[in-house]
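Residue numbers (this note's numbering), protein chains in the order written: chain B, 1 to 109; chain A, 1001 to 1170.
Right, one structure below, let's go through it.
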């Protein structure tokens, strides 16, 4: 089981779906950010899985570090996104005193 | 034993992910997300990549989650009522979109060139961190330096957003 991609891809698909559902149904921007992190993690897991098992496929070009480098870049993007996004949420909270994405309908504060 | 640990890590990842989106309090969501990230780090170990497993633990479950928990505790948002059906029916739309996405992903994964192969024994050795370092500073130097530029941009942006400005400062 550890040597076949199916279980990892199943987890990846499930976690991506959970993240998407969370992004749609939750109204708290912090939890929405966490859902985005879930989706990014699911894609990372798929990258790592395909990278690890791609040596099974004959005629497929690519080194063993292709997928991990993608994962590395996505982790960096997730960190940058979390920092900037949370700074924006805190700035909004300072002026509006509440965090609900449905109530934020105007750009001018 | 290894299979048992793999299934255990898989269940923890998926279960904690469900916990993230179903907790009423944002702090619980953040803690569930930390557990999920650690579970995924264990899966990276099963995928034989040591460096990213450790980076996932230190950078993601450590540094990024500290920022998250800091923001959650600073804002202390009120509990959010969780109902399956509110006025605009958004939760049902979410579950429908989720089902659609999962079926699409499953279909894509089933039909990829990888999963159609007969199972072949892959090498059971860990990818050494030195190998990844040679690749990162060799053929992948440009994306690596790009991440440095991205982090610098995010840092400057966070300082500009977070700095207190008086009215009239521009």
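For each residue, glycine too, the CB sits at the ideal point set by N, CA and C.
Interface partners of residue 54(B) on chain A, CB under 7 Å:
Within the first chain, the letter at position 54 stands for residue 54(B). Near residue 54(B) (Cβ distances below 7 Å), the residues of chain A are 1114.
At a CB distance below 9 Å, what residues from the region 1016-1032 of chain A approach chain B? Give them in sequence order.
1017, 1018, 1020, 1021, 1022, 1023, 1026, 1029, 1030, 1032
Which residues share a DSSP beta bridge with residue 1127(A)?
Reading the second chain from its first residue, position 127 is the one you call residue 1127(A). Beta-bridge pairing links residue 1127(A) to 1049(A).
Whole-angstrom distance between residue 1006(A) and residue 1046(A), CA atom to CA atom:
Taking the second chain and counting its residues from 1, one reaches residue 1046(A) at position 46. Taking the second chain and counting its residues from 1, one reaches residue 1006(A) at position 6. Roughly 7 Å between the two C-alpha positions.
Is the CB of residue 101(B) under 9 Å away from at least one CB in chain A?
Position 101 of the first chain, counted from the start, is the residue given in the question as residue 101(B). With 9 Å as the cut-off, residue 101(B) does not count as an interface residue toward chain A.
Let me see if you follow: with CB-CB separation under 9 Å, is residue 1051(A) close to chain B or not?
To locate residue 1051(A), count along the second chain from 1; it is residue 51. Yes, its Cβ sits closer than 9 Å to a Cβ of chain B.
Chain-ordered chain A contacts of residue 35(B) [CB-CB under 8 Å]
In the first chain, residue 35(B) corresponds to position 35, counting from 1. The contacting residues are 1020, 1021.
Rank 36(B), 77(B), 49(B), 30(B) by C-alpha distance to the C-alpha of residue 1069(A) and give the top, closest one.
As a first step, residue 1069(A) is located in the second chain; it is residue number 69 there, counting from the start. Ranking 36(B), 77(B), 49(B), 30(B) by Cα distance to residue 1069(A) puts 30(B) first.
For residue 17(B), does the count of other Cβ atoms within 10 angstroms reach 16, so buried, or fall short, so exposed?
Position 17 of the first chain, counted from the first residue, corresponds to residue 17(B). Label assigned to residue 17(B): buried.
Fully enclosed by the region 1021-1050 of chain A, which alpha helix (DSSP H) runs are 4 residues long or longer?
1026-1046
Considering Cα atoms alone, identify which of 69(B), 28(B), 10(B), 37(B) is closest to residue 1076(A).
Taking the first residue of the second chain as position 1, residue 1076(A) is located at position 76. If we check each option's Cα against that of residue 1076(A), 28(B) comes out closest.
So with Cβ pairs under 9 Å, would you call residue 1132(A) a contact of chain B?
In the second chain, the residue the question calls residue 1132(A) occupies position 132. Yes, its Cβ sits closer than 9 Å to a Cβ of chain B.
Under 9 Å between the Cβ atoms of residue 69(B) and residue 41(B)?
The residue labelled residue 69(B) in the question sits at position 69 within the first chain. The residue labelled residue 41(B) in the question sits at position 41 within the first chain. Cβ atoms of residue 69(B) and residue 41(B): not closer than 9 Å.
Considering only heavy atoms of the ligand ATP, does any lie closer than 8 Å to the CB of residue 43(B)?
The model depicted lacks the ligand ATP and carries no ligand whatsoever.
Less than 8 Å between the CB atoms is what I'm expecting for residue 1065(A) and residue 1041(A), so what's the real figure, rounded?
Against the second chain, residue 1065(A) aligns to sequence position 65. Against the second chain, residue 1041(A) aligns to sequence position 41. Residue 1065(A) to residue 1041(A), Cβ: 12 Å. No contact.
Whole-angstrom distance between residue 77(B) and residue 1162(A), CA atom to CA atom:
Position 162 of the second chain, counted from the start, is the residue given in the question as residue 1162(A). Position 77 of the first chain, counted from the start, is the residue given in the question as residue 77(B). Spanning the two alpha carbons is a distance of roughly 19 Å.
For the alpha helix (DSSP H) holding residue 1162(A), just list the boundary residues, first then last.
For the purposes of this step, residue 1162(A) is taken as residue 162 along the second chain, with counting starting at 1. First-last of the alpha helix (DSSP H) with residue 1162(A): 1141-1162.
Pull up the distance between the alpha-carbon of residue 1148(A) and that of residue 20(B), whole angstroms please.
Walking along the second chain from the start, residue 1148(A) turns up at place 148. Walking along the first chain from the start, residue 20(B) turns up at place 20. Those two C-alpha atoms are separated by around 29 Å.
Taking contact to mean 3 or more Cβ pairs, one atom from each stretch, closer than 8 Å, check whether the region 1026-1039 of chain A and the region 45-54 of chain B are in contact.
no
Is the separation between the beta-carbon of residue 1028(A) and that of residue 1127(A) shorter than 9 Å?
Position 28 of the second chain, counted from the start, is the residue given in the question as residue 1028(A). Position 127 of the second chain, counted from the start, is the residue given in the question as residue 1127(A). Their beta carbons are not under 9 Å apart, which means residue 1028(A) does not touch residue 1127(A) by this criterion.
With DSSP as the reference, label residue 34(B) as helix, strand or coil.
Counting from one through the first chain, the residue named residue 34(B) turns up at place 34. Helix, per DSSP.
Residue 1097(A) - DSSP class collapsed to helix/strand/coil:
If you number the second chain from 1, residue 1097(A) lands on position 97. In this structure, residue 1097(A) counts as helix in the three-state DSSP scheme.
Under a Cβ-count criterion, where at least 16 other Cβ atoms within 10 Å of its own Cβ denotes burial, should residue 1160(A) be classed as buried or exposed?
The count along the second chain starts at 1 and reaches residue 1160(A) at position 160. So residue 1160(A) counts as exposed.
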